[in-house]
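Engineer: In terms of our numbering, the sequence shown opens at residue 2 and continues consecutively. A virtual CB, placed ideally from N, CA and C, is assigned to each residue, including glycine. Values in this document were obtained by computation on a predicted structure and should not be read as measured data. Here it is: the structure, laid out below.
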Amino acid sequence: MLRWPTELAINPLDGCLYFVDDHMVLRVTKDRRVMVVAGQPAYCKLQPAAKSRKAAGATAQLGALVSFTFGPAGEMYIAEVDRNNVHRVQQIMPDGEILHFAGADCECESRNCSCGATPPHGESALARDTKLYSVSSLTVTSDGVVHIADQGRLKILSAIPYLPQPDDQIEFQIASPETHEIYVFNKYGQHIMTKSILTGKTIYTFLYNVNTSFGKLNAVTDASGNKVTKLFGSPILPGGIDGNFQLFPLPEKVYCGGSSRKSRV
Numbered sequence: 002m003l004r005w006p007t008e009l010a011i012n013p014l015d016g017c018l019y020f021v022d023d024h025m026v027l028r029v030t031k032d033r034r035v036m037v038v039a040g041q042p043a044y045c046k047l048q049p050a051a052k053s054r055k056a057a058g059a060t061a062q063l064g065a066l067v068s069f070t071f072g073p074a075g076e077m078y079i080a081e082v083d084r085n086n087v088h089r090v091q092q093i094m095p096d097g098e099i100l101h102f103a104g105a106d107c108e109c110e111s112r113n114c115s116c117g118a119t120p121p122h123g124e125s126a127l128a129r130d131t132k133l134y135s136v137s138s139l140t141v142t143s144d145g146v147v148h149i150a151d152q153g154r155l156k157i158l159s160a161i162p163y164l165p166q167p168d169d170q171i172e173f174q175i176a177s178p179e180t181h182e183i184y185v186f187n188k189y190g191q192h193i194m195t196k197s198i199l200t201g202k203t204i205y206t207f208l209y210n211v212n213t214s215f216g217k218l219n220a221v222t223d224a225s226g227n228k229v230t231k232l233f234g235s236p237i238l239p240g241g242i243d244g245n246f247q248l249f250p251l252p253e254k255v256y257c258g259g260s261s262r263k264s265r266v
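Encoded structure:
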């Protein structure tokens, strides 16, 4: 039974209809079944897994849902407000993971408070550090820019993907606040190093057989000097392992989530 359905949207990936009802986002499947995609009813008891902001969408406890929309790659953006009147925008990835996209966790009502950045007109700040006063609507354009209508400040904020600039060594650094890591890429787009944001120390170093855009990964070394070499020497197993090294999954993608975008008035 539906209580108070409001907004509707169609996912560009699966073509299914999604709508907001109570504290949940539901999906109407092609065989006309209704499934919960994100959130739980307000009367449900909060589960331990729902306390994590990285919990799966269907198990996470969301606040009152104001608006939602889809990005061109199928990611969902949800505007919510909690019982403390804190407005946030959450990003739900296609695999169900929830990420904090925009809105500072700031409970003060003063416009002069310092716990949330308020970028002046024409200037920018990180989306997740920007205080949102009263979000009324969301939309995403084809270029991936998320536009947030903040009725409380009578402005439209645009979360623009942040493009890193090369340093003196023509290397690019992309931060991942969720994992507290920095991924370093060379001018050919190869992932050459992973560093810790907290300590600045190198966690992994990646070596390639040739220093061009055609180079293939040849060795991975961790902070202790353990090395996996000749990763492409065999279609199944590495060519050799030096030291007491455990294999680990390499990052396939680096998402420009809320903390990696800047909001602009």
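Using DSSP bridges, identify the partner residues of L18.
Structural biologist: I11 and V29
Engineer: Kindly indicate which residue of G153, Q170, A220 and S143 has the alpha-carbon position closest to the one of F71.
Structural biologist: S143
Engineer: With C-beta atoms as the reference, is I175 less than 8 Å away from Y184?
Structural biologist: yes
Engineer: Measuring alpha carbon to alpha carbon, tell me which residue in A103, R129, S135 and V38 is nearest G97.
Structural biologist: When only C-alpha atoms are compared, the closest one is V38.
Engineer: Go ahead and label T180 buried or exposed: buried means 16 or more other beta carbons lie within 10 angstroms of its beta carbon, across all protein chains shown.
Structural biologist: Exposed.
Engineer: By how many angstroms is the C-alpha of I93 removed from the C-alpha of Q152?
Structural biologist: 23 Å
Engineer: Which residue comes first and which comes last in the beta strand (DSSP E) that contains H88?
Structural biologist: Annotation for H88: the continuous beta strand (DSSP E) segment containing it runs H88 to I93.
Engineer: Name the two residues that bound the continuous beta strand (DSSP E) containing D83.
Structural biologist: That residue, D83, is in no beta strand (DSSP E); it is neither H nor E in DSSP.
Engineer: With a threshold of 16 other CB atoms inside 10 Å of the CB of M36, please say whether the residue is buried or exposed.
Structural biologist: With fewer than 16 neighbouring CB atoms inside 10 Å of its own CB, M36 falls in the exposed class.
Engineer: Out of curiosity, what's the CA-to-CA distance linking D269 and M2?
Structural biologist: Beyond the ends of the chain as shown, which are 2 and 266, falls residue 269; an answer cannot be given.
Engineer: Please look up how many angstroms separate the CB atoms of S159 and V67, rounded, as I've assumed it's under 8 Å.
Structural biologist: Not a contact, Cβ separation roughly 18 Å.
Engineer: Hey, how far is the Cα of L199 from the Cα of L208?
Structural biologist: Going from the Cα of L199 to the Cα of L208 covers about 24 Å.
Engineer: Residues in its own chain within less than 6 Å of A150 by CB, not counting five upstream and five downstream?
Structural biologist: S137, S138 and I157
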